[in-house]
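Numbering (this note's numbering), first residue to last: 454 to 1179.
Virtual Cβ for every residue (Gly too), placed ideally from N, Cα, C.
Given the structure is predicted, the values throughout are model-derived calculations rather than measurements.
Written below as structure tokens is the structure these notes are about.
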């Protein structure tokens, strides 16, 4: 039989033969019949006169998780290869990752299998390698990933949608394609039989591919990809979805951890705090010591009771659901990738929140979980515990409609409630349509607010433009929060790396903070500050503070909306224990004891404001004819006895490697200060020898810096010199 395509052909060449196979599989009853049909299919495809071959990876592409770039026709010869064409924002692509993890667990490169991610971006932000690196970490991708930023391979093969899997034989010959999610059984069937078929013919090689995981180079971090943040307005406690560490943190306004629930590894277990586990949690909502959590990759809504110190499941069955209607009791109702949650009430007469609204990203809808028996708009009385769709057809669209079930969303990822008139709506960050929409609490009508365009099928109308209504452009926004005090909506414009503000009355959308550059630059200024894919935000302290989950910077930032100062919320334990997490492996240096002869050098008091960064420049001089001792690191330490909150999240120590190029020590004043006066101490320890190394010595000095913290604006503070001659 002649080959249906030549070398470098497209996926359409596979379609006739694979379609015949899939029809035959529908009639197969036993696993043996299915295996036999796939084996016969491979005999036919393998017998084509000319392979339907995949093109070589273009030269110059950026690779992750590999020691060097991979060649199809050199490195992959003798392997069955699964190419995963994905883009990291896509919820369908995210749903596929567990299937690929399971496949890699079942078969390794020694068995002849290799998975390669081909990242073909939708948004411009997704073409940037650093952002793909963050996604590789966030979704624990351990196979090679190539950044096909210009989608050259995508176009040559005529791939049409995300995700698409292409299974190759050991000659780079295309065997199968799987389009979309939900094909785990076929993926395992096709892959396992392909391995058997080519192993029977002696064409499988067990050589290892050079893997070098990007995650192994990560520094320690108390937070890892925090997705969402909320505040308990009664106590000012901050609740953080520490998504990458698979846990929920409850911290005081100074950043001190009060509860750490779950983590550091993914899991799905209810019970007491010490045993409970989550899987990439996102949205959090707190009220009266109860926290509801969108446990995204477990496809669950979880309930945390802080008084009982217990976690339970209130919606979802633990596997991805496809139901777009709902209506069952929460614990029997399958759901799909809940991304955010917010409390609501069923009417003005309701005395307390009786609804939990859910941004159901996986089915592109807005759902409701009834916390008490009540009515939804245009619905009969519903029982407590019912979980059902409120708005959205389930089609991935940017479709507004007066009838909520006919409207279409595209991966809704952020929710905020404005219950008061004239708003009486849910605000929705609809990420894949790059819009912010509203859902009426009175009749469910879905309306456009800002971003996107009028064509409901066009999900590529994104950009970074301040403007009014549809003339404003966003790029994959993930979070919204309502400022009741000012009647303004704040938006985490994630892929533009900015925080924007929308006036819902005029539909005017403007940039509030962020340069748009994802590089991590420390600045207390709104306009000079940088974010990296901020995923969530919330308003606090009666509209004064805006907390931002700066996801890819692994931080919670605090924006003071009155003073226009940004600071980083430190995350720490009072007992100075290391915050748990898989990447916290470095131990802190132990502070040496100062010798009695060490001089104490007082410095002039410095006035600084919250969020401001002080710099201390070491100016240490060794005696003539001496040099630093090799192999014994001279060092510095910074302490703040009685005011340890000053140092949380800071670098407390460092080495002095070269006397001619001494380090500068930075200290950022926290945004939330527990005292207006404090003294920080900087100790230096120098180990030095005579030029001929006949004698070695150690000398130390202690610098004391009084601080006066004030809200008054100050000019830039010049670096403070710490001078000492031994």
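{"Item": "When 901, 876, 667, 886 are compared against residue 910, the one with the closest alpha-carbon", "Value": "886"}
{"Item": "Proximity winner among 601, 659, 1142, relative to residue 541 (alpha-carbon distances)", "Value": "601"}
{"Item": "Rounded C-alpha distance that separates residue 959 from residue 921", "Value": "7 Å"}
{"Item": "Coarse secondary structure for residue 558, derived from DSSP in three states", "Value": "helix"}
{"Item": "Neighbourhood of residue 986 by C-beta, 6 Å cutoff - its chain only, sequence neighbours within 5 removed", "Value": "947, 1004, 1005"}
{"Item": "Inter-residue spacing [alpha-carbon to alpha-carbon] between residue 859 and residue 609", "Value": "37 Å"}
{"Item": "Distance, residue 745 Cα to residue 934 Cα", "Value": "17 Å"}
{"Item": "Any non-hydrogen atom of the ligand SAM closer than 7 Å to residue 622 Cβ", "Value": "Although the ligand SAM was asked about, the structure shown includes no ligands whatsoever."}
{"Item": "Cβ shell of residue 1028 (< 7 Å), same chain only, five flanking positions each side left out", "Value": "Caution is warranted here: a pLDDT of 48 is assigned to residue 1028, below 50, making its placement in the model unreliable, and the coordinate value is therefore given only provisionally. Answer for residue 1028: no residue qualifies."}
{"Item": "Coarse secondary structure for residue 1107, derived from DSSP in three states", "Value": "strand"}
{"Item": "Neighbourhood of residue 581 by C-beta distance below 8 Å, restricted to the same chain and skipping five residues each side", "Value": "971"}
{"Item": "Residue from 810, 756, 963 whose Cα sits closest to the Cα of residue 897", "Value": "810"}
{"Item": "Runs of beta strand (DSSP E) lying entirely within the region 517-567, each at least 3 residues, in chain order", "Value": "533-539"}
{"Item": "Residue 884 versus 1164, 716, 793, 825, residue with shortest Cα-Cα distance", "Value": "793"}
{"Item": "Anticipated Cβ contact below 8 Å, residue 1179 with residue 1075, distance rounded", "Value": "6 Å"}
{"Item": "Residue interval of the beta strand (DSSP E) (run including residue 758)", "Value": "753-758"}
{"Item": "Separation of residue 710 from residue 726, as counted between CA atoms", "Value": "14 Å"}
{"Item": "Assigned exposure category for residue 907 - 16 Cβ within 10 Å defines buried", "Value": "exposed"}
{"Item": "Exposure of residue 965, with buried meaning 16 or more beta-carbon neighbours within 10 Å", "Value": "buried"}
{"Item": "C-beta atoms of residue 903 and residue 925 nearer than 8 Å", "Value": "yes"}
{"Item": "Span of the beta strand (DSSP E) around residue 589", "Value": "No beta strand (DSSP E) contains residue 589, which is instead part of the alpha helix (DSSP H) from 582-591."}
{"Item": "Secondary structure of residue 656, DSSP reduced to three states", "Value": "coil"}
{"Item": "Spatial distance of residue 843 from residue 849 (CA atoms)", "Value": "16 Å"}
{"Item": "Helix, strand or coil at residue 577 [DSSP, three-state]", "Value": "helix"}
{"Item": "Close beta carbons around residue 1035, own chain, < 6 Å, minus the five adjacent residues each side", "Value": "Bear in mind that the predicted position of residue 1035 carries a pLDDT of just 33, short of 50, making it too unreliable to give a figure here."}
{"Item": "Close Cβ partners of residue 1012 (< 6 Å) along its chain, the five nearest in sequence each way excluded", "Value": "999, 1019"}
{"Item": "For residue 1165, the three-state DSSP class (helix, strand or coil)", "Value": "coil"}
{"Item": "Neighbourhood of residue 1128 by C-beta distance below 7 Å, restricted to the same chain and skipping five residues each side", "Value": "1096"}
{"Item": "Pairwise C-alpha distance: residue 993 and residue 690", "Value": "10 Å"}
{"Item": "Burial state of residue 983 (16 or more Cβ within 10 Å)", "Value": "buried"}
{"Item": "Completely contained beta strand (DSSP E) runs for the region 696-769, where each covers 3 or more residues", "Value": "700-704, 710-715, 737-740, 743-748, 753-758, 763-768"}
{"Item": "For residue 487, the first and last residue of its enclosing beta strand (DSSP E)", "Value": "No beta strand (DSSP E) contains residue 487, which is instead part of the alpha helix (DSSP H) from 484-499."}
{"Item": "Distance CB(residue 799)-CB(residue 815) smaller than 8 Å", "Value": "no"}
{"Item": "Separation of residue 822 from residue 806, as counted between CA atoms", "Value": "11 Å"}
{"Item": "Cβ shell of residue 1055 (< 6 Å), same chain only, five flanking positions each side left out", "Value": "1157"}
{"Item": "Unbroken beta strand (DSSP E) run spanning residue 475, endpoints", "Value": "From DSSP, residue 475 is part of no beta strand (DSSP E) but of the alpha helix (DSSP H) over 468-480."}
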